[in-house]
Amino acid sequence: MERWEGRLAPTPPFSLALTAGYQTYFQGQVGADRFQNGVYSRLLVRNGRPVLLQVAGSSSPEDPNHPLLRIQVVAPTLAQEDIAWAVERASWILHTDADLRPLYTRLQEDHTLRPLLPALYGLHPPRMPSVFEGLVFAICGQQVSSVVARRIRTALVERFGEPMDWDGQVWRAFPSPERLWETGVKGLREVGLSQRKAEYILDIARQAVEGSLPLEALAYSPSPEVEARLTPLRGIGRWTVEWVLLRGLGRPEVFPAGDLALQRLLARLYNHGSPLSAEEARMLAERWGPWKGYVAVLLFAGARLGLFPSLR
DNA sequence: AGCCAGGCTCTCG
DNA sequence: CGAGAGCATGGC
1 MERWEGRLAP TPPFSLALTA GYQTYFQGQV GADRFQNGVY SRLLVRNGRP
51 VLLQVAGSSS PEDPNHPLLR IQVVAPTLAQ EDIAWAVERA SWILHTDADL
101 RPLYTRLQED HTLRPLLPAL YGLHPPRMPS VFEGLVFAIC GQQVSSVVAR
151 RIRTALVERF GEPMDWDGQV WRAFPSPERL WETGVKGLRE VGLSQRKAEY
201 ILDIARQAVE GSLPLEALAY SPSPEVEARL TPLRGIGRWT VEWVLLRGLG
251 RPEVFPAGDL ALQRLLARLY NHGSPLSAEE ARMLAERWGP WKGYVAVLLF
301 AGARLGLFPS LR
C-alpha cells in the first residue's frame with residue numbers, strides 16, 4: 001500500500017466538523033462516507049483501482065476563519081495523476097471553494113436563521129463524488145423516511161461496494177454502474193429497495209454502462225440542462241432532480257420545495273405551523289435569492305443538530 | 001395494528 | 001387533464 005500526505009486550504013470560513021458531519025447526517029457513517037474521530041474518509045475507485053481519501057483538520061479545535069486540512073491518499077499504487085485526482089475529488093466532495101459570505105450577509109435579516117449562524121459557521125454544502133451516486137442516492141430516499149433511506153444507502157455500499165483493507169478496517173466504495181447492473185433486480189431488492197426503485201436504478205446503470213447516458217458530463221452543466229437530461233429518465237421526477245442538483249452537485253440556488261420534510265420545517269419556522277404547499281414553499285424561498293439551496297442545507301443541518309428551539 | 005415517511009409511475013375516469 | 005392505488009421498510 002502506498003501513501004501520500006498533503007494539505008488543502010479551503011475558502012474560509014470552513015468547518016470540517018460541520019461539512020463532513022452533514023455529509024454523514026451527523027451519524028458517523030452513511031453509505032460510503034465516514035466521519036469518525038475528526039477524520040473524513042471515503043473510498044473511491046479510479047480506473048478500476050481503489051483510492052482511499054482521508055481528510056482531517058490541522059488544528060484542534062478547528063478555526064473556521066483560518067482553515068487548513070490535512071489530506072491523506074492511500075492506494076495499492078499511487079501515481080502523480082492519482083494524487084492530483086484524489087485532491088481534486090476531496091475538494092469537490094467537501095466543496096472547499098464555496099464562498100459562504102454572501103449567504104451569511106443575506107441571512108443577517110433572517111430572524112429565524114441568524115441566531116443559528118454561529119453554530120453552523122463554515123458549513124460548506126458537501127457534494128456526492130459522482131452524478132451516478134447522487135442519482136442512486138436520491139432514488140433510495142424517495143418517499144421513505146430518512147432513517148429507512150440511510151439504512152438502504154449504507155446496505156447498498158456494504159453489500160456491493162468494492163472493498164479495500166487498510167488500517168485494520170474494510171473500506172468500501174460506492175458500487176459502480178457496472179457492479180449494480182450485474183447485480184440485477186433481485187440483488188437490489190435484498191437491500192430493501194422496492195421492485196420499482198430497483199428497476200429505476202438498473203435502467204440508469206445500464207444506460208451509464210452503455211454510454212448512452214453521459215451522466216458525469218452533467219456535473220458542470222447548467223442546472224436547466226441537467227434537469228432536461230435527467231427528468232425524462234424513468235423514476236426521476238422534480239424532487240429527485242433537485243436533490244441531485246443541490247446535494248449531488250452543490251448548486252446554491254436549487255431549492256427542493258417539493259420535499260415533504262422541508263415543507264414541514266418551513267411551516268413550523270416561517271408559517272406559524274400552518275402547512276405549506278410546494279408552490280407556497282417555493283415562493284417563500286424566493287427571499288433567499290440565489291442562495292436558497294444553501295439555506296435548505298442550513299435548515300436541515302439545524303434541524304438534525306437540534307438547533308431550533310421552536311422545534312423542541 | 002395501521003399509518004405515514006425527505007416520490008414516482010401507472011391506471012382510470 | 002386530475003385523482004388514486006401501490007410500493008419497501010421502520011418508527012410511532
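Residue numbering for the first sequence follows the numbering used here, starting at 1 and increasing by one per position. Ideal placement from N, C-alpha and C gives every residue a C-beta, glycine not left out.
Exercise. Name the two residues that bound the continuous beta strand (DSSP E) containing Glu-2.
Key: The residue you call residue 2 lines up with position 2 of the first sequence. That run of the beta strand (DSSP E) goes 2-8.
Quiz item: Pro-252: which of Ser-212, Ala-285 and Ala-173 sits nearest, CA to CA?
Solution: Translated into the one-based positions of the first sequence, residue 252 becomes position 252. Answer by Cα proximity: Ala-285.
Quiz item: If we count the other Cβ atoms within 10 Å of its Cβ and call it buried at 16 or more, is Ser-277 buried or exposed?
Solution: Your numbering for residue 277 matches position 277 in the first sequence. That one is exposed.
Self-check item: Range covered by the alpha helix (DSSP H) that runs through Ile-236
Solution: For this step, residue 236 is matched to residue 236 along the first sequence. It is not in any alpha helix (DSSP H) - Ile-236 carries neither H nor E in the DSSP assignment.
Quiz item: Looking at C-alpha atoms only, which residue of Arg-287, Ala-296, Pro-309 and Phe-300 is the closest neighbour of Asp-110?
Solution: Counting from one through the first sequence, the residue named residue 110 turns up at place 110. Asp-110 has its Cα closest to that of Arg-287, out of Arg-287, Ala-296, Pro-309 and Phe-300.
Self-check item: Close Cβ partners of Tyr-200 (< 7 Å) along its chain, the five nearest in sequence each way excluded
Solution: Here residue 200 corresponds to residue number 200 of the first sequence, with the count starting at 1. Closer than 7 Å at the Cβ level, and outside the excluded window around Tyr-200, lie Ile-139, Arg-234 and Gly-235.
Quiz item: What did DSSP end up calling Arg-34 once you bin it into helix, strand or coil?
Solution: Within the first sequence, residue 34 is the residue found at index 34, counting from 1. DSSP places Arg-34 in strand when its eight states are reduced to three.
Quiz item: Apart from the five residues just before and just after Ala-20, which ones in its own chain have a Cβ nearer than 6 Å to its Cβ?
Solution: As a position in the first sequence, residue 20 is number 20, starting the count at 1. Closer than 6 Å at the Cβ level, and outside the excluded window around Ala-20, lie Phe-35 and Tyr-40.
Quiz item: What are the boundary residues of the beta strand (DSSP E) that Met-164 is part of?
Solution: The residue given as residue 164 occupies position 164 in the first sequence. First-last of the beta strand (DSSP E) with Met-164: 163-166.
Practice problem: Would you kindly work out how many angstroms separate the C-alpha atoms of Tyr-121 and Pro-64, rounded to a whole number? | Solution: In the first sequence, the residue the question calls residue 121 occupies position 121. In the first sequence, the residue the question calls residue 64 occupies position 64. About 7 Å.
Quiz item: Name the DSSP beta bridge partners of Pro-50, please?
Solution: Position 50 of the first sequence, counting from 1, holds the residue named residue 50. Its beta-bridge partners are Val-45.
Practice problem: Enumerate in chain order the residues of its own chain whose CB-to-CB distance from Pro-61 is below 6 Å, with the five nearest sequence positions on each side excluded. | Solution: If you number the first sequence from 1, residue 61 lands on position 61. Within the same chain, Pro-61 has no close Cβ partners at all.
Exercise. State the DSSP-derived secondary structure class of Tyr-121, mapped to helix, strand or coil.
Key: Working through the first sequence from its first residue, we reach residue 121 at position 121. DSSP places Tyr-121 in coil when its eight states are reduced to three.
Quiz item: Got a sec? Which residues, its chain only, sit under 7 Å from Ala-173 by beta carbon, not counting five neighbours each side?
Solution: Taking the first residue of the first sequence as position 1, residue 173 is located at position 173. Cβ neighbours of Ala-173 beyond the five flanking positions: Ala-32, Leu-43, Leu-44, Val-45, Pro-50, Gly-161 and Glu-162.
Quiz item: Do you know how far the Cα of Gln-29 is from the Cα of Leu-53?
Solution: Numbered from its first residue, the first sequence carries residue 53 at position 53. Numbered from its first residue, the first sequence carries residue 29 at position 29. Computed Cα separation, rounded: 15 Å.
Exercise. Kindly indicate the opening and closing residues of the alpha helix (DSSP H) around Ala-173.
Key: Taking the first sequence and counting its residues from 1, one reaches residue 173 at position 173. Per DSSP, Ala-173 belongs to no alpha helix (DSSP H) and is neither H nor E.
Quiz item: Cβ of Leu-260 within 8 Å of Cβ of Ala-219?
Solution: As a working note, residue 260 is residue 260 in the first sequence. As a working note, residue 219 is residue 219 in the first sequence. No, they are not a contact pair.
Quiz item: Ordered along the chain, which non-local residues of its own chain (more than five positions away) have a Cβ less than 6 Å from that of Tyr-294?
Solution: Reading the first sequence from its first residue, position 294 is the one you call residue 294. Cβ neighbours of Tyr-294 beyond the five flanking positions: Leu-103, Pro-125 and Pro-252.
Practice problem: Would you please state the rounded distance, in angstroms, between the beta carbons of Leu-69 and Ser-58? I believe it to be under 8 Å. | Solution: Counting from 1 along the first sequence, the entry for residue 69 is found at position 69. Counting from 1 along the first sequence, the entry for residue 58 is found at position 58. With a Cβ gap of about 6 Å, Leu-69 and Ser-58 count as contacting.
Exercise. May I ask you to report which of helix, strand or coil DSSP gives Tyr-25?
Key: Taking the first sequence and counting its residues from 1, the one referred to as residue 25 is at position 25. DSSP places Tyr-25 in coil when its eight states are reduced to three.
Quiz prompt | Any 3 or more C-beta pairs closer than 8 Å across the region 207-216 and the region 79-91 | solution = no
Quiz prompt | Burial state of Met-164, where buried means 16 or more other Cβ atoms lie within 10 Å | solution = Reading the first sequence from its first residue, position 164 is the one you call residue 164. The residue is buried, with at least 16 neighbouring Cβ atoms inside 10 Å.
Quiz item: Given a threshold of 16 other Cβ atoms within 10 Å of its Cβ, counted over all protein chains shown, does Ala-301 qualify as buried or as exposed?
Solution: On the first sequence, residue 301 is found 301 positions in, with the first residue counted as 1. By the neighbour-count rule (16 or more Cβ atoms within 10 Å), Ala-301 is buried.
Quiz item: Hey, out of Ala-86, Leu-305, Gln-169 and Ile-204, whose CA is closest to Glu-182's CA?
Solution: Within the first sequence, numbered from 1, the residue matching residue 182 stands at position 182. Considering only alpha carbons, the answer is Ile-204.
Exercise. Note down, in chain order, each residue of its chain lying with its Cβ closer than 7 Å to the Cβ of Glu-227, except the 5 sequence neighbours on either side.
Key: For the purposes of this step, residue 227 is identified with residue 227 of the first sequence, where counting begins at 1. Closer than 7 Å at the Cβ level, and outside the excluded window around Glu-227, lie Val-241.
Quiz item: Cα separation between Asp-167 and Trp-291?
Solution: Locating residue 167 in the first sequence gives position 167, counting from the first residue. Locating residue 291 in the first sequence gives position 291, counting from the first residue. Looking at the two C-alpha atoms, the distance is approximately 40 Å.
Practice problem: Please state whether DSSP places Gly-250 in a helix, a strand or coil. | Solution: By one-based count along the first sequence, residue 250 stands at place 250. Reduced to three states, the DSSP call for Gly-250 is coil.
Quiz prompt | Proximity winner among Leu-117, Gly-6 and Phe-137, relative to Trp-85 (alpha-carbon distances) | solution = Position 85 of the first sequence, counting from 1, holds the residue named residue 85. Nearest C-alpha to Trp-85: Gly-6.
Quiz item: Does DSSP put Ala-285 in a helix, in a strand, or in coil?
Solution: The sequence position of residue 285 within the first sequence is 285, counting from 1. Ala-285 falls in the helix class under three-state DSSP.
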